[in-house]
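A.B. asks: Chains as they are written, first to last, in the numbering used here: chain A, -19 to 367; chain B, -19 to 367; chain C, -19 to 367; chain D, -19 to 367.
There are 4 protein chains.
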Amino acid sequence: MEFLCPSSLIDKIMRWIKVVMVLFSVFYSLTLRCLGSGPEKNNRIPDIPGYYTLKCDFHIHTVFSDGKVWPEIRIAEAIKEGLDAIAITEHLKYGKRSKYKEMQFEDRNRSFEIAYETAKNSDLIVIRGVEITQGMPPGHINAIFLKDANIAQKDFNETFAKAKDQGAFLFWNHPNWKSPDKSWEQDGIPQWFDIHTKMLDNHTLMGIEVVNARSYSKEVHQWCIDKNLTMLANSDIHFPIGMEYELVTEHRPMTLVFAKERTEVGIKEALMNQRTALWFENNIIGNENFLAPIFQKSVVVKKVSYHEKIAEVVLENESAVDFILENVGDYSLFNKTKIFILKAGNELKIGVKTGEVLEQFALKFKVHNLLVSPNDCLVAQISCNTD
Amino acid sequence: MEFLCPSSLIDKIMRWIKVVMVLFSVFYSLTLRCLGSGPEKNNRIPDIPGYYTLKCDFHIHTVFSDGKVWPEIRIAEAIKEGLDAIAITEHLKYGKRSKYKEMQFEDRNRSFEIAYETAKNSDLIVIRGVEITQGMPPGHINAIFLKDANIAQKDFNETFAKAKDQGAFLFWNHPNWKSPDKSWEQDGIPQWFDIHTKMLDNHTLMGIEVVNARSYSKEVHQWCIDKNLTMLANSDIHFPIGMEYELVTEHRPMTLVFAKERTEVGIKEALMNQRTALWFENNIIGNENFLAPIFQKSVVVKKVSYHEKIAEVVLENESAVDFILENVGDYSLFNKTKIFILKAGNELKIGVKTGEVLEQFALKFKVHNLLVSPNDCLVAQISCNTD
Amino acid sequence: MEFLCPSSLIDKIMRWIKVVMVLFSVFYSLTLRCLGSGPEKNNRIPDIPGYYTLKCDFHIHTVFSDGKVWPEIRIAEAIKEGLDAIAITEHLKYGKRSKYKEMQFEDRNRSFEIAYETAKNSDLIVIRGVEITQGMPPGHINAIFLKDANIAQKDFNETFAKAKDQGAFLFWNHPNWKSPDKSWEQDGIPQWFDIHTKMLDNHTLMGIEVVNARSYSKEVHQWCIDKNLTMLANSDIHFPIGMEYELVTEHRPMTLVFAKERTEVGIKEALMNQRTALWFENNIIGNENFLAPIFQKSVVVKKVSYHEKIAEVVLENESAVDFILENVGDYSLFNKTKIFILKAGNELKIGVKTGEVLEQFALKFKVHNLLVSPNDCLVAQISCNTD
Amino acid sequence: MEFLCPSSLIDKIMRWIKVVMVLFSVFYSLTLRCLGSGPEKNNRIPDIPGYYTLKCDFHIHTVFSDGKVWPEIRIAEAIKEGLDAIAITEHLKYGKRSKYKEMQFEDRNRSFEIAYETAKNSDLIVIRGVEITQGMPPGHINAIFLKDANIAQKDFNETFAKAKDQGAFLFWNHPNWKSPDKSWEQDGIPQWFDIHTKMLDNHTLMGIEVVNARSYSKEVHQWCIDKNLTMLANSDIHFPIGMEYELVTEHRPMTLVFAKERTEVGIKEALMNQRTALWFENNIIGNENFLAPIFQKSVVVKKVSYHEKIAEVVLENESAVDFILENVGDYSLFNKTKIFILKAGNELKIGVKTGEVLEQFALKFKVHNLLVSPNDCLVAQISCNTD
């Protein structure tokens, strides 16, 4: 058989085109197969009254800058981890600087385009972004919701202006990062420069990463509160996600966006109005207005009954977060010390020494890992009505 | 073949004796087989300077009162869970009251004797005790380190006196328990009666169960501190232990005894001098003098190095307790919020923002689940010397 | 306060009666709490056409002979493991032989009575039995479905006769057991004696334990087939079940009874007619007539589709047994070697190289761990209809 | 501050060079961190007398053809899974055919060069290869141990010749694969064409993939035996490995190479002389000469003692494979049916009914998942010497 020696050149060319097309279709279906599997562990953070709680990651790299995977992979990973939205944010001005001669092209839209195409049969929202990279100050700035990511200008202020012209949302990445560049001085303790004040004043800077990858900055957390900036938690992922996080037991950091609708527009509106919280390891970080309803929706009172004069309350934690609770209510507990953990996806029965049989009473807890400020946690009440 | 119809009656009797003896030896070896397996999960609580940390359970029942297993089982269970000592404490005056006509004998030494015999080829220390059961006040009182458990008198004060004559250590069981007996009123909130003051004054009452089975009493915890009483945590087990605790993930409550020697005498001396702490669920409860060295011995600083000006400290928790830590030191952390968990048997790397490279510095934590009082936890420092 | 010194003796007695009664009620409720939890792991063996598949254990001891737990525990254990029926079978003539003077009473009905009372609010069927214990031959014989277990006679043949008079089902226990009694010779290789032939002929012996505890006898398995005896698999449990089996990953051996109704009468009728199979570790042992439908009902064909000319068949194993499959069908498999495991509770997709697209085809497997004889396993077909 | 507006252009350029260099060094260290973690689960397949058993994967793609990760990732993955060697094998003639304009360069050495550079501080052996891709026949052919991978010629026979000139080892990939190309007809049932005979005769074709990714071909397995070809099992991985295999419970398919030395030369010599076996799911596939010593080295007899006349043999399986054993020896077993599983990394005690106390005896097993041919498994003896 002489498959590769057809009688005419045209036949040969046609055949090659066909082979190439089928190979692509194979990969496309392979990609979809990976996409199709969906989230594998409980990653539930409940919606809150008035808003969807969307799980987002706004800082992601691919081989189109210094990441190590093709954009399609970022879609498969996000779907597998149950995310609602991701932004692809390659380093601007990276192409020529690439260590690899093969990757020195400058079109900053390409990785978004490939990712977007891959996701189009899924529910995942893919956002066009870019990481505007320069020394400190002002450090690295992400611009997302762009229409065209090729916005590089000589002066970064002009770059920011071009992004703003497109209606982008700009935020400061990892202010606590220590670049190997010696001029970059903060050594883990972030510094706020005059330029940041200027960017804040002219509405260029609208958010900051309080959490980047495995780092959390207490100082940046306080800045966000003091300056009314949108808090963000992003992975800044470069490697395959499964190489950075043990996904059986861990999750990437996520920005929880409280959106009126589950669309790119909805996400942008929420970011512009500081409606975010951060899911970092076993913490949720954010304003009490969001953390209180998350806790209320997560913890269900399944049963309240009395055994003699001790109330037995069965609580179920439907969320993916283990709550570290400290009893600060009026009643001491029969079966728990002051501090105990209500595990994700679990029920727990607690005995409450109300002293008499009550029709109604309230539990009051400090929830140590729901942080409303760097040093303060949510205090929450749970109403109990005896069955 | 006519094995069971021998030519003479004597032969027949001898054969039966033999059969019976071998059956016993089979069970004895079966018991030892169960005994031999040893502790199956990390149950390490470290020794502290000057003392062995012995894991003890001083409140245990068998079929000889209202428990549901034969005494041999208590030995097998204790060895499997890695205990150092147990006390067998049947209800006094129980025989006649037994629901079962078969168990209405009154010798309160028997279950200890069987347990002691079973344990004699092991390292487990078995202590003779009894639970002196009456209404409230004074409630149920355990007497342990008895020479003869048959001490029942008409008046319980006389019973206590008999126990004291034998040099026993007496403690009050589960003051927070609500007996179904209506005259027993405290409803989970324990009451201290005059008789308890009297017993305290004449050195009859020397300890109290702060923890009994799955209950912990904040009020009793405070009594122990205020009145200088020995704290105890006991299982009060009646069923097979594996039916009450999921031993793969849980452990029974244990009294940690800080003893100068690993003997019954050593345990008694420690109890007489209030040298105990309580291991209850994921808490250790006791005086700071014991909790501080337990934490120091449990947490090993494996490595201190600098990445730029951020110190990277690798901590290993060698104990069986997950420590719930809150950073209250001079430096904020690079990769943790104020509260985080250092898991049992695990290593954790934390970044410390010392601001400059230091040869030596200290971390300071609140350890929320090491309770020095009902409302206060241990505050501990960890010294770090840069490698 | 003088709770225990009432003004009159009558008051005092009344109070004691009350205390005793409430203590019993506490334990009764504690027992039921343990009972209430139900089976904790997948222990599903499906019903088969025409019959319920009942999970039974017909050989169980308590402290009333040489077991180590009170009868109530046997009920709690059985319910927790999801059994349908148990028989309490103490050694006959044991009382006087007990090592313990407290247990030397002879009423062989007592442990059944206590167990029966405990189970009466549950679905568990509790059967009255006894183990008629003597040397070999004929070895130990269980009689179950008794009306009165006190059937001891001088001559065991007379004992058997008394049992038969009550309509009991008699079976031979652990013929492969080596008693420590030297006259007991078989050393693991069971011997069939003339007396067994006689017992078989006069319908005294109707079943044998092919499986006892952790032992399986290939020889006894063959006897059952050759002599048309009912096969049994029993635990012969003496210790708490959780001390003998790691119930998270293991189960006790069980006799699967194929009964027309879920009652004691239904079980007896099935045993009398050899309708049993044995669930031993990861094996089911029994007649093809039962094993074939168990396999058919356990394995569900969830999907049959074609990818090019390779059929993709999704099989789900709904049972609690991992099936060890060997492909012996007409088609080779695309993604499996000749032997592979279809795990309990799991789905598996297998590619079948049918060579062309077929509307209908059959898979054929040897199921190595469904044993129809000591050396032969079930061969089963699975029909596949393309979706 | 005006970090990005230095007074002179030279300063600016120097600064950029520095920034770029440090960014690279960050990634390099990040890569090494991932590399450094080493194998995480038992993946032990023992060495055999005279040879190292090397775990290899000779068919791997990256973004330099149609893979989805940068070559560095392939190194990190292989080290994490404990491989000894990998070959990077991009599709030849792929560049122009790439769907992505950015990847249409033709140098087939690049991905190897990057991978090789990444691995140079590790023990991983990285082999230069290429996948010579064309229609069927002859289908896809891998050439490995190349000096220069740019060997594309118009006629594939000339390409093969160029590879052979470099001393390459050539093997046929996934003969059972159904290309979407319609001319590719085999539909899972592989066909051997004349051209393969010709390639075999002139020593161009030296091996075949019996296993590719999740497929195993019984037919190809038989070809390898009949034609004395080297068997291979490769992943043909395109996605991140963790997206294709659940590495906590699974492993990629591997070619086990029995090499005289742990070098590229050693691997090549072994491949040229058919010294391979295949580790596919829970199977090892290969010649009895290799499988027998692997089993012997994997299974350690820890203890042989007698309980009466039943020998108790404790076997430990030190390998990563669960052995599916069928007893075909002279003695029946006391505690197992004919088939049972000796789990990876576990001990198992089996009772052997030798009938009398023997100083020495042998166990004999069919090892169902060690396949010496598509239909036959290894039969192995284990010698037991009584302690």
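Using N, Cα and C, we set each Cβ at its ideal position, and we do this for glycine too. Small disclaimer: the values here were computed from a predicted structure and weren't measured.
Could you confirm whether any beta carbon from chain A is found closer than 9 Å to the beta carbon of Phe314 (chain B)?
C.D. replies: Chain A contact via Cβ: present.
A.B. asks: Indicate the three-state DSSP secondary structure (helix, strand or coil) for Trp259 (chain D) in the structure shown.
C.D. replies: Correct three-state label for Trp259 (chain D): strand.
A.B. asks: Using a cut-off of 9 Å between C-beta atoms, extract the partners of Pro155 (chain B) located in chain C.
C.D. replies: Correct list: empty, because the minimum Cβ distance to chain C is about 14 Å.
A.B. asks: Starting from Ile28 (chain D), trace the beta strand (DSSP E) both ways and give me its first and last residue.
C.D. replies: Where Ile28 (chain D) is concerned, there is no enclosing beta strand (DSSP E), given that its DSSP letter is neither H nor E.
A.B. asks: How long is the line joining the alpha carbons of Asn137 (chain C) and Ile112 (chain C), rounded to whole angstroms?
C.D. replies: Rounded to the nearest angstrom, the two C-alpha atoms are 10 Å apart.
A.B. asks: So, at 7 Å on beta carbons, what are the nonlocal neighbours of Ala196 (chain B) in its own chain, with the 5 sequence-adjacent residues on each side left out?
C.D. replies: The question names Ala, but residue 196 (chain B) is Tyr in the sequence shown. Val190 and Phe260, listed in sequence order.
A.B. asks: Do you know how far the Cα of Ile188 (chain B) is from the Cα of Pro155 (chain B)?
C.D. replies: Going from the Cα of Pro155 (chain B) to the Cα of Ile188 (chain B) covers about 8 Å.
A.B. asks: Taking Cβ-Cβ distances below 7 Å as the criterion, which residues of the region 29 to 51 of chain D are in contact with chain A?
C.D. replies: Within the region 29 to 51 of chain D, the residues whose Cβ lies closer than 7 Å to some Cβ of chain A are Val43, Asp46, Lys48, Val49 and Trp50, listed in chain order.
A.B. asks: Whole-angstrom Cβ separation of Lys142 (chain D) and Gln133 (chain D), contact assumed at under 8 Å?
C.D. replies: Rounded, the Cβ-Cβ distance is 6 Å, consistent with contact.
A.B. asks: Could you spell out where the beta strand (DSSP E) holding His41 (chain D) opens and where it closes?
C.D. replies: His41 (chain D) -> no beta strand (DSSP E), and no H or E assigned at all.
A.B. asks: For Ile265 (chain D), write down the residues that DSSP places opposite it in a beta bridge.
C.D. replies: Paired residues: D:Leu258 and D:Leu351.
A.B. asks: Since Glu292 (chain C) sits in a beta bridge, which residues does DSSP pair it with?
C.D. replies: For Glu292 (chain C), which the question treats as bridged, DSSP gives the partners C:Ser285 and C:Gly331.
A.B. asks: Which of the three DSSP states, helix, strand or coil, is assigned to Asn297 (chain B)?
C.D. replies: In this structure, Asn297 (chain B) counts as strand in the three-state DSSP scheme.
A.B. asks: Run through DSSP, which three-state label would Asn345 (chain B) get?
C.D. replies: A quick correction: the sequence has Phe, not Asn, at residue 345 (chain B). Three-state result, Phe345 (chain B): strand.
A.B. asks: From the DSSP output, which residues share a beta bridge with Cys357 (chain B)?
C.D. replies: DSSP lists B:Leu351 as partners of Cys357 (chain B).
A.B. asks: Report yes if the CB atom of Ile304 (chain B) is closer than 9 Å to the CB atom of Ile304 (chain A), and no otherwise.
C.D. replies: Yes, they are a contact pair.
A.B. asks: Given that Asn355 (chain A) touches chain B, what residues does it touch there, using C-beta distances under 7 Å?
C.D. replies: What Asn355 (chain A) touches in chain B: Lys318.
A.B. asks: Quick check on Asn126 (chain B): does DSSP put it in helix, strand or coil?
C.D. replies: Here the sequence assigns Leu to residue 126 (chain B), which means Asn is not the residue at that position. Note: Leu126 (chain B) maps to coil in three-state DSSP.
A.B. asks: Taking buried to mean at least 16 other C-beta atoms within 10 Å of its own C-beta, is Ala193 (chain B) buried or exposed?
C.D. replies: Result: buried.
A.B. asks: In three-state terms, what does DSSP make of Asn22 (chain A)?
C.D. replies: Coil at Asn22 (chain A), not helix or strand.
A.B. asks: Is it true that the CB of Val337 (chain C) sits closer than 9 Å to the CB of Ala291 (chain C)?
C.D. replies: Yes, the pair counts as a contact, with Cβ atoms nearer than the cut-off.
A.B. asks: Below 8 Å on the Cβ atoms is my contact criterion, and I expect Ile362 (chain B) with Val284 (chain B) to pass it. Report the Cβ-Cβ distance as a whole number of Å.
C.D. replies: About 10 Å separates the two Cβ atoms, so there is no contact after all.
A.B. asks: For the beta strand (DSSP E) holding Glu70 (chain D), just list the boundary residues, first then last.
C.D. replies: From DSSP, the beta strand (DSSP E) with Glu70 (chain D) extends over Ala65 to His71.
A.B. asks: Apply the 10 Å Cβ neighbour rule to His228 (chain A) and answer buried if 16 or more other Cβ atoms are within range, or exposed otherwise.
C.D. replies: Rather than His, the amino acid found at residue 228 (chain A) in this sequence is Val. Val228 (chain A) is exposed by the Cβ-count criterion.
A.B. asks: My assumption, with CB atoms under 8 Å, is that His376 (chain D) sits in contact with Ile121 (chain D). Please give the rounded CB distance.
C.D. replies: Past the boundaries of the shown model lies residue 376 (chain D); chain D is included only from -19 to 367, so the question cannot be answered.
A.B. asks: Quick one: give me the first and last residue of the beta strand (DSSP E) that Trp152 (chain C) is part of.
C.D. replies: From DSSP, the beta strand (DSSP E) with Trp152 (chain C) extends over Phe149 to Trp152.
A.B. asks: Please report how far the alpha carbon of Leu12 (chain D) lies from the alpha carbon of Phe314 (chain B), in whole angstroms.
C.D. replies: Because the pLDDT of Leu12 (chain D) is 40, which lies under 50, any placement of that residue in the model is unreliable, and the question is left without a value.
A.B. asks: Closer than 7 Å between beta carbons: that is the criterion. Which residues of the region 166 to 181 of chain D meet it against chain C?
C.D. replies: The residues in question are Asp167, Gly168 and Ile169.
A.B. asks: For a contact meaning CB atoms closer than 9 Å, what does Gly222 (chain B) contact in chain C?
C.D. replies: Under the 9 Å cutoff, chain C gives Pro220, Ile221, Gly222, Met223 and Leu227.
A.B. asks: Relative to chain C, which residues along the region 82 to 94 of chain B have a C-beta separation below 7 Å, given in chain order?
C.D. replies: Those residues of the region 82 to 94 of chain B that come within reach of chain C (Cβ to Cβ, closer than 7 Å) are Glu82, Phe85 and Arg90.
A.B. asks: What residues in its chain sit with their C-beta under 6 Å from that of Leu251 (chain A), if we drop five residues either side in the sequence?
C.D. replies: Phe149 and Thr210.
A.B. asks: May I ask you to verify whether the region 32 to 39 of chain A touches the region 59 to 75 of chain A, counting CB pairs closer than 8 Å and requiring at least 3?
C.D. replies: Touching, yes.
A.B. asks: Name the DSSP beta bridge partners of Arg108 (chain A), please?
C.D. replies: DSSP, once it has assigned bridges, lists A:Ile68 as partnering Arg108 (chain A).
A.B. asks: Would you list, in chain order, the members of the region 65 to 77 of chain D that have their beta-carbon closer than 7 Å to a beta-carbon of chain G?
C.D. replies: Absent from the structure: chain G. Protein chains present are A, B, C and D.
A.B. asks: Whose C-beta lies closer than 8 Å to the C-beta of Lys240 (chain A) among residues of the same chain, with five residues either side of it excluded?
C.D. replies: Within the same chain, Lys240 (chain A) has close Cβ partners Gly30, Tyr31, Tyr32, Gly246, Glu249 and Ala250.
A.B. asks: So which residues on chain C does Tyr96 (chain D) lean against when the C-beta distance must stay under 9 Å?
C.D. replies: In chain order: nothing, as chain C lies at least about 33 Å away.
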